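Engineer: Just passing along the structure, written as structure tokens.
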Amino acid sequence: MSEIQGLFETMAGRFNSAAAAGLDAVFQYKLDEGDAYHVAISGGECALDKGLHDSPSVVLMMDSQTFKEVLEGETNGMQAFMAGRIRAEGDVMLATRLEALFPAG
Numbered sequence: 038m039s040e041i042q043g044l045f046e047t048m049a050g051r052f053n054s055a056a057a058a059g060l061d062a063v064f065q066y067k068l069d070e071g072d073a074y075h076v077a078i079s080g081g082e083c084a085l086d087k088g089l090h091d092s093p094s095v096v097l098m099m100d101s102q103t104f105k106e107v108l109e110g111e112t113n114g115m116q117a118f119m120a121g122r123i124r125a126e127g128d129v130m131l132a133t134r135l136e137a138l139f140p141a142g
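So the sequence shown is numbered by our numbering: it starts at 38 and just counts up by one.
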């Protein structure tokens, strides 16, 4: 298992189903190093898959170091977005729910 895959599995393991009430969305992650994963949330459940989703709700693009820092709580995701370290396409407001959906460790 790659370090990146391990990070995504850690994130999925922190899923907070209470924060996902009523949410039906797909978060696509594209890392600058070429790795792509998506997390589909529906019915209070989370499914992690490698690769690109056909119609994600929001696409988040960043380098793997930024992803790791946000996941570990070293960097605030919103601050990273405002500083240009995270780029987003689609329903950008969904990204504001990530901190509650996947609390930092």
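Ideal placement from N, C-alpha and C gives every residue a C-beta, glycine not left out. Nothing here was measured: the structure is a model prediction, and the numbers come from that model.
Confirm, please, whether the CB-CB distance from A57 to I78 is below 8 angstroms.
Structural biologist: The answer is yes: Cβ separation under 8 angstroms.
Engineer: Is A62 closer than 8 angstroms to L131 when the C-beta atoms are compared?
Structural biologist: In this structure, A62 lies closer than 8 angstroms to L131 by Cβ.
Engineer: Looking only at its chain, what residues have a beta carbon closer than 7 angstroms to the beta carbon of G81, apart from the 5 residues adjacent to it on each side?
Structural biologist: Contacts found: S54, A57 and A58.
Engineer: Have a look at F118, M98, E111 and D128 and flag the residue whose alpha-carbon is nearest the alpha-carbon of D69.
Structural biologist: Here the closest residue by C-alpha is M98.
Engineer: What is the DSSP secondary structure of L89, reduced to helix, strand or coil?
Structural biologist: L89 falls in the coil class under three-state DSSP.
Engineer: Give a single yes or no on whether A84 has its beta carbon closer than 7 angstroms to a heavy atom of the ligand PLP.
Structural biologist: With respect to the ligand PLP, the structure offers nothing, as it holds no ligand at all.
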